[in-house]
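Trainee: Chains A and B, in that order, give the protein sequences.
This note's numbering applies: residue 1 is where the first sequence begins, and numbers increase by one.
This note's numbering applies: residue 763 is where the second sequence begins, and numbers increase by one.
Number of protein chains: 2
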Amino acid sequence: MNRSAVFASLVIAGLSLAPLGKHVIADEQPFFGYSAASSRTERQWEEKLRAIPTPDNLRSYMQRLTARPHNVGSPYDKDNAEWIAAKFKEFGLDTHIEQFDVLFPTPKERVVELVDGGPKFVAKLQEPAVSVDPTSDQQAEQLPTYNAYSIDGDVTAPLVYVNYGIPEDYEYLERLGVSVKGKIVIARYYHSWRGIKPKVAAEHGAIGCLIYSDPHEDGFVQGETFPAGPYRPPDGVQRGSVADMPFYPGDPLTPGVGATKDAKRLKIEEAATITKIPVLPISYADAQPLLAALTGPVAPEGWRGGLGITYHVGPGAAKVHLKVTSNWLTKPVYDVVGKIPGAVFPDEWVIRGNHHDAWVNGAEDPIAGLVAEMEEARALGELLKSGWKPKRTIIYCAWDGEEPGLLGSTEWAEAHYDELRAHGVAYINSDGNGRGYLNIEGAHTLEKFSNEIAREICDPETKLSAWKREQLRAIANAKTPEQREEIRKRPDLRIPALGSGSDYTAFLQHDGVASLNIGFSGEDGGGIYHSIYDDFYWFTHFSDTDFVYGRALAQTGGTAVMRLADAELLPFEFGDFADTVQTYLKELKTLLQKSQDDIRERNREIEEGVFKATNDPRRPLLPPPAETVPPHLNFAPLENAADMLVRSAAEYRKALDQANANGGALLASASLAEVNKMLMTSERKLTNNEGLPNRPWFKHQLYAPGFYTGYAAKTVPAVREAIEQKQWKQADEAIVVVALVLQQEADLISSAAAKLAAATAH
Amino acid sequence: MNRSAVFASLVIAGLSLAPLGKHVIADEQPFFGYSAASSRTERQWEEKLRAIPTPDNLRSYMQRLTARPHNVGSPYDKDNAEWIAAKFKEFGLDTHIEQFDVLFPTPKERVVELVDGGPKFVAKLQEPAVSVDPTSDQQAEQLPTYNAYSIDGDVTAPLVYVNYGIPEDYEYLERLGVSVKGKIVIARYYHSWRGIKPKVAAEHGAIGCLIYSDPHEDGFVQGETFPAGPYRPPDGVQRGSVADMPFYPGDPLTPGVGATKDAKRLKIEEAATITKIPVLPISYADAQPLLAALTGPVAPEGWRGGLGITYHVGPGAAKVHLKVTSNWLTKPVYDVVGKIPGAVFPDEWVIRGNHHDAWVNGAEDPIAGLVAEMEEARALGELLKSGWKPKRTIIYCAWDGEEPGLLGSTEWAEAHYDELRAHGVAYINSDGNGRGYLNIEGAHTLEKFSNEIAREICDPETKLSAWKREQLRAIANAKTPEQREEIRKRPDLRIPALGSGSDYTAFLQHDGVASLNIGFSGEDGGGIYHSIYDDFYWFTHFSDTDFVYGRALAQTGGTAVMRLADAELLPFEFGDFADTVQTYLKELKTLLQKSQDDIRERNREIEEGVFKATNDPRRPLLPPPAETVPPHLNFAPLENAADMLVRSAAEYRKALDQANANGGALLASASLAEVNKMLMTSERKLTNNEGLPNRPWFKHQLYAPGFYTGYAAKTVPAVREAIEQKQWKQADEAIVVVALVLQQEADLISSAAAKLAAATAH
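1. Tell me the DSSP secondary structure of residue 1242 (chain B) in three-state form.
2. Check whether the stretch 1178 to 1196 of chain B touches the stretch 1270 to 1279 of chain B, taking contact to mean three or more Cβ pairs, one atom from each stretch, closer than 8 Å.
3. Could one say the Cβ of residue 1318 (chain B) lies closer than 8 Å to chain A's Cβ atoms, at least one of them?
4. Within its chain, find whatever has a CB closer than 6 Å to the CB of residue 1122 (chain B); leave out the 5 residues flanking it on each side and keep chain order.
5. Quick check: the Cα distance between residue 714 (chain A) and residue 262 (chain A), rounded to an integer number of angstroms?
6. Measure from the C-beta of residue 1387 (chain B) to each C-beta in chain A and report whether the shortest distance is under 8 Å.
7. Thinking C-alpha only, which one of A:206, A:281 and A:724 is nearest residue 112 (chain A)?
8. So with CB distances below 9 Å, who are the chain B contacts of residue 476 (chain A)?
9. Would you say residue 1460 (chain B) reaches chain A, if we count a Cβ-Cβ gap shorter than 8 Å as a contact?
10. Can you pull the chain A neighbours of residue 982 (chain B), defined as C-beta to C-beta under 8 Å?
11. Which term fits residue 358 (chain A), buried or exposed, when burial requires 16 or more other beta carbons within 10 angstroms of its beta carbon?
12. So, with DSSP's three-state summary, where would you put residue 801 (chain B)?
13. Output, in chain order, the set of chain A residues within a Cβ distance shorter than 8 Å of residue 1226 (chain B).
14. Based on the DSSP secondary-structure assignment, which residues constitute the bridge partners of residue 538 (chain A)?
15. For the stretch 1145 to 1159 of chain B against the stretch 1093 to 1105 of chain B, do three or more pairs of beta-carbon atoms, one drawn from each stretch, fall closer than 8 Å, so that the two count as touching?
16. Taking 8 Å as the threshold (beta carbon to beta carbon), is residue 112 (chain A) in contact with chain E?
17. For chain A, find out if any of its Cβ atoms is closer than 8 Å to the Cβ of residue 784 (chain B); answer yes or no.
18. Since residue 1028 (chain B) and residue 308 (chain A) are thought to touch, with beta carbons under 8 Å apart, how far apart are those beta carbons, to the nearest angstrom?
19. Could you tell me the alpha carbon to alpha carbon distance between residue 1520 (chain B) and residue 1272 (chain B), rounded to whole angstroms?
20. Can you pull the chain B neighbours of residue 473 (chain A), defined as C-beta to C-beta under 7 Å?
21. Can you confirm whether the stretch 1213 to 1221 of chain B touches the stretch 1342 to 1350 of chain B when touching is taken to mean that 3 or more C-beta pairs between the two stretches lie within less than 8 Å?
22. What span of residues does the alpha helix (DSSP H) with residue 623 (chain A) cover, start to end?
23. Does residue 939 (chain B) have its Cβ less than 8 Å from a Cβ in chain A?
24. What residues in its chain sit with their C-beta under 6 Å from that of residue 119 (chain A), if we drop five residues either side in the sequence?
25. Look at the alpha carbon of residue 660 (chain A) and the alpha carbon of residue 82 (chain A), and state the distance between them as a whole number of angstroms.
26. Would you grab the beta carbon distance between residue 655 (chain A) and residue 583 (chain A) for me? Rounded to a whole angstrom, and I think it's under 8 Å.
27. Select from A:183, A:381, A:416 and A:348 the residue whose C-alpha is nearest the C-alpha of residue 98 (chain A).
28. Taking 8 Å as the threshold (beta carbon to beta carbon), is residue 1216 (chain B) in contact with chain A?
29. In chain order, what residues of the same chain lie with their CB nearer than 6 Å to the CB of residue 291 (chain A), ignoring the 5 residues before and after it?
30. How would you call residue 487 (chain A), buried or exposed, if buried means at least 16 neighbouring beta carbons within 10 angstroms?
31. Helix, strand or coil for residue 430 (chain A)? Go by DSSP, reduced to three states.
32. Can you grab the Cα-Cα spacing for the pair residue 1363 (chain B) / residue 827 (chain B), in whole Å?
33. What are the start and end residues of the beta strand (DSSP E) that includes residue 441 (chain A)?
34. Going by other Cβ atoms of all chains shown within 10 Å of its Cβ, with 16 needed for buried, is residue 21 (chain A) buried or exposed?
35. Taking 8 Å as the cut-off, decide whether the C-beta atoms of residue 1500 (chain B) and residue 1480 (chain B) are in contact.
36. Note down the Cα distance separating residue 756 (chain A) from residue 669 (chain A), rounded to an integer number of angstroms.
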């Protein structure tokens, strides 16, 4: 660390708490779920906690953890796990390493070349070392560029450019009269999780898939490239998993159960999440000659990237030869698990996690988040030594194998399924960290809680609270005056729902443990994601260089964990939740209505001859097919259930207000234990054992990654995806299923309200 | 012409009239302004007319006219004028050449180079010949690449990239903290008429201006470049005028009067339309090293072009040396004017024009339009020989000097100002031609007429009427369901208002002669505009290669001219016009309201700290300045006048319906002459002698080119631009002025209605 950075971070540290501290002292409103007295105590402990994490520690942890490549199965991955475990122990956590054994393919052969006409070209498939960057030359330990869980294959075929390779791109290809059947497709990264691209390509008959990083997305179009700037250099490649995780994440051979030594395993050829066609990721330097060799229609405007060429859809005269084979070996993953036992409710678990494995050296992803989590653990250890005793059990986890497929967290959450269903209060995840705004996504029963936490955190740059900064950004980004007014007037900022892409998935969507994902971002542009350049040099030159956002993340995670662990009444809240469900219902009705309107209009235009009339014979574009106008659906069950939720939430709010009267003295009542037990299961009530149609692993009925988006959430997925995929019967059935789940939730909330009211009446 | 093209065009010729012909015969509705009997006769003559133009002739005219460069002052420009005049005479038109003498600068010295740091680079400023293109090597006769009417200058300064160089780009530069004061700016072409770029740059203190063609707009991003495809090659340059034509067009030395030999002339230094700073246009090959040498902020997303580089705003360490000097000589322009005297109303003139001068060989611009006009003239000549006698005088014009500044048409319209005010019925302009959709823009008193003409024209590709094809495109492009429904239900398609950019300007906006601009486009992409590659080779390979759209344009222009010349009652219509004025009024009120809302909201956000909170210290962006919320304006005078227009239009419609009863026999009445005289002046009533505030040459109160757009129209310009420029007092005053003009128009329409009713009553 250079001296000026130390100095800067110390100055900021000195300033950061002052304005918030004042505010906090003036604010006499007790924390949600706390009596006035316990709130005051808690506030003091939390302030102590937030003063502990230091940028220096974050920096030195990062330097150590990113010193060598530490992917699953590598020596340094194990070494890191052991080092983290030792640290946790040193901090005072009861720590062990839990091992699972998972299928983890690594590259054996990789070939991409132009054959049969056109200029000879063999793709390099190699990221060069950069002289100023001391860890970029550790080639012997670096995983080559590849997409994990690509099936083995050796194919030669003409190439077709499919833009982002999402379903609507294929609809446009059809209008262009271009088929990918028997072809290799080349898709650019972004606009979907990468695993969607080979999945959709295979569904359309493609026999191979290349995924490249266009400079438009994270290369020179965005700014200077590494090492001159943070963006992706010409030979930079995004590694990544392409397992069909929206079907199920985790070890492909052990869906639904922990991949313990003795677990029953599928054969590799039975594993449904391995891709159907071979896939490789490539750099834009490797992609350019392939794209330049394409002929056929000029790519439509939205498909054009930033390479200085005319983008064509293809195919061209030249063929591409793609060969991928892997070593299909079983590898250990090492989950580090450190516990602080609860003093009052040891059977109520507040879990915190971040993964430790990386594709290569992984400074931003995941170590920037992990080091914050470690500083939280250290800070909690310090508090323990000062006499603090959390009511609930706290479990700090450092997951292995997140990158290939959320392996460590999923296997752990599957192995401990029954315990987590019984004891899980909440899971708080992070995964890397950057600069900018505090993002909290997650379960809406924790929306009010999340807002409360965000109000405590000081943004290092503006000295505003993270909540205020995020609110002001939301005002700036609002699309309509109505949205802006809501943001200004609604007491809580809305939090986005969780899709997938990190370790909360199994907790929330399989186990039904209310989860949050936290992190800072928005001012941390770059193009080193999943490359050898995501390392200590890059991070300390271009991201959170003085680790002040790392400290802010530690403050956020630590505050959230403590607040949950110490509350007399668990801070689940159902008013925001019920309001959110109402917005989902409205969205679903609008989605159907829009689909009806669009199809009706398009059919009319087909009949009028709009598409024929506007077809340029020199750039032919076929009319879209006429479609049946979607039927009306019976939303009544959902509407009734959503209304029940609103009523039960009001009941709970009323009971809570009574409990809060007189400084909330009644909150301390021992009889609250029963209410807490009910609250703890409120997220479980949103799951059912059957799971989503065609993907039973996903049990949550409100949140899932989209089957065709991967990262992005689909809320009320069974209904929404049925509408999107025009499965009307399934949509009608799903409405009933989801309504039932919501009714059960409403019943639980009403019961909790009654119980709380009864406890208060005592 | 190759044989297959001939064959194809004949086949199409054979087919083209059949479906429309049938339709026409079945349709017994008389033409607007015609009795049933005269409509039948007219229809027969028009069908004869439309059968005459041939692709072969269009092609051979084009080949002859584009054989050599024919810019103002060149030998071939004069030669072409004489050849066109001879042709007009041969066709039977009473033809002469009218000469004006205008200031026309041509390049003497041109230098663009990087100096003081960075790699040495001297711009080529030269378009290379292309071996397959036989006219591209006529370098001795080609005007070098330059912007006419740039002031002489020799400046050296840092460079700043200003995107399109329009006012809002400078607002963003201010937020970036980048000043252009004392700098040279580099702007890309498009999004405004080119002359706006140096004007706005000079207003902000820049001392020089480069304008380049980014490949994003018309180069390789759009498709293959010439000669492999139609788009702009790396060294292609867009020449063009940068005279401040929104102030006044035509000879800079003779504003408002014809540039005859004895005209009183300004001194060059008094000419307000010459730029304030030196300007040169450059290719993207020449621009790339300059842009690559810029540092400073990364250009925001909407500013990034298609060159494979990171776009920076600048400035950089390197300076640019820009030197431009011209030969400031007086040159002759040769307007070809051919007349067919009117048999009944010789003092009512229907004028048709297209320019003949080009920047270089000019096949698309302007010869594709000119050859269509010539075929119209030939066709009318044929009809004359067959006994057709137009009621009104028809004047066919081939203008010189359009490219440098609408010189030929403006000087002619100024020289014949009194005659045109007395006799001008309508002016129909074209300027080049391409493939695709029939575009008609112009005076809304001719909107219904334009729709009637478009219904007669067969689109060569789809065999739909040009009207139907355009309607279906409008449906496809509609932004809202409401717009779509209007397009489907309104009997007439709306026509856009005229701004500037071609020879209608002086007729419509200075003389007050109702004008239309016609041409086919929308399937004619390319990047040879104003380069040496806009020639016969390019046109016959990439545009209307078989000249079927050229024939369609001749059919359109010829039909429009005949229909106007033969009508018993001039086909001006005021219902559509009054409706259009209502939409303008609504737009103005919305514009003010939006300005109030936006400023109020922005001020609120400034106070809330939104801009400070969302400012990334590593990419700083200053808050916009707080502004006074615009006052409410008194729109009542305009509202009342617009309502009067609606009432008078209804009176006229009623009188017309009565006149049309019984086959419209009464239309033939000689007393209609007085009504026609009134109708003829209806466009003049929309002008006033004072003209627009600060630009008195522009006398039309409804249509003008925007002072900061150049091409694009500003309707109700005095009011609209005052609101846009936040001149509230001027806006209030302008409302009264425009209202007065509209009242006078309404009075005229009411009088015409009364006169028509009286004539009918006879």
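Ideal placement from N, C-alpha and C gives every residue a C-beta, glycine not left out.
None of these values were measured; they are calculated from a predicted model.
Mentor: Considering the structure as presented:
1. Here residue 1242 (chain B) sits in coil by DSSP.
2. Flag = yes, the stretch 1178 to 1196 of chain B and the stretch 1270 to 1279 of chain B touch.
3. No, its Cβ sits nowhere closer than 8 Å to a Cβ of chain A.
4. Hits under 6 Å: 831, 904 and 1294.
5. Straight-line Cα distance between these residues: approximately 35 Å.
6. It does not: the Cβ of residue 1387 (chain B) has no partner Cβ on chain A nearer than 8 Å.
7. Distances from the alpha-carbon of residue 112 (chain A) to those of A:206, A:281 and A:724 put A:281 closest.
8. What residue 476 (chain A) touches in chain B: 1367, 1372, 1373, 1375 and 1376.
9. Taking Cβ atoms only, chain A never reaches closer than 8 Å to residue 1460 (chain B), which makes this a no.
10. Near residue 982 (chain B) (Cβ distances below 8 Å), the residues of chain A are 308, 309 and 310.
11. Here residue 358 (chain A) is buried, its C-beta having at least 16 other C-beta atoms within 10 Å.
12. Reduced to three states, the DSSP call for residue 801 (chain B) is helix.
13. Neighbours of residue 1226 (chain B) on chain A, chain order: 609 and 613.
14. BP columns for residue 538 (chain A) are empty, so no partner.
15. Result yes; three or more Cβ-Cβ pairs closer than 8 Å.
16. Structure shown: chain E not included; protein chains present are A and B.
17. Residue confidence is low: residue 784 (chain B) scores 41 on pLDDT, short of 50, so the model does not pin down where it sits. Its coordinate-derived value is still stated next. Taking CB atoms only, residue 784 (chain B) has no neighbour in chain A less than 8 Å away.
18. Between residue 1028 (chain B) and residue 308 (chain A) the beta-carbon gap is near 46 Å, outside 8 Å, which marks them as no contact.
19. Note on geometry: alpha-carbon atoms of residue 1520 (chain B) and residue 1272 (chain B) lie some 33 Å from one another.
20. The contacting residues are 1375 and 1376.
21. Here the stretch 1342 to 1350 of chain B does not lie against the stretch 1213 to 1221 of chain B, with fewer than 3 beta-carbon pairs under 8 Å apart.
22. Element bounds for residue 623 (chain A): n/a, residue is neither H nor E.
23. Under the Cβ criterion of 8 Å, residue 939 (chain B) is not counted among the residues facing chain A.
24. Excluding the 5 residues flanking it on each side, residue 119 (chain A) has no same chain C-beta neighbour closer than 6 Å.
25. Looking at the two C-alpha atoms, the distance is approximately 45 Å.
26. At roughly 25 Å, the Cβ-Cβ gap does not stay under 8 Å, so residue 655 (chain A) and residue 583 (chain A) are not in contact.
27. For the residues A:183, A:381, A:416 and A:348, the minimum Cα distance to residue 98 (chain A) belongs to A:416.
28. No Cβ of chain A is located within less than 8 Å of the beta carbon of residue 1216 (chain B).
29. Contacts found: none.
30. Residue 487 (chain A) is buried by the Cβ-count criterion.
31. Residue 430 (chain A): coil per DSSP, three-state reduction.
32. Cα to Cα, the separation comes out at about 57 Å.
33. For residue 441 (chain A), the uninterrupted beta strand (DSSP E) segment begins and ends at 436 to 442.
34. Below a pLDDT of 50, predicted positions are generally treated as unreliable, and residue 21 (chain A), at 40, falls in that range; the measurement from the model is reported next regardless. When all chains shown are included, residue 21 (chain A) counts as exposed.
35. It is a contact, given that the beta carbons lie within the stated cut-off.
36. CA-to-CA, the gap between residue 756 (chain A) and residue 669 (chain A) works out to about 10 Å.
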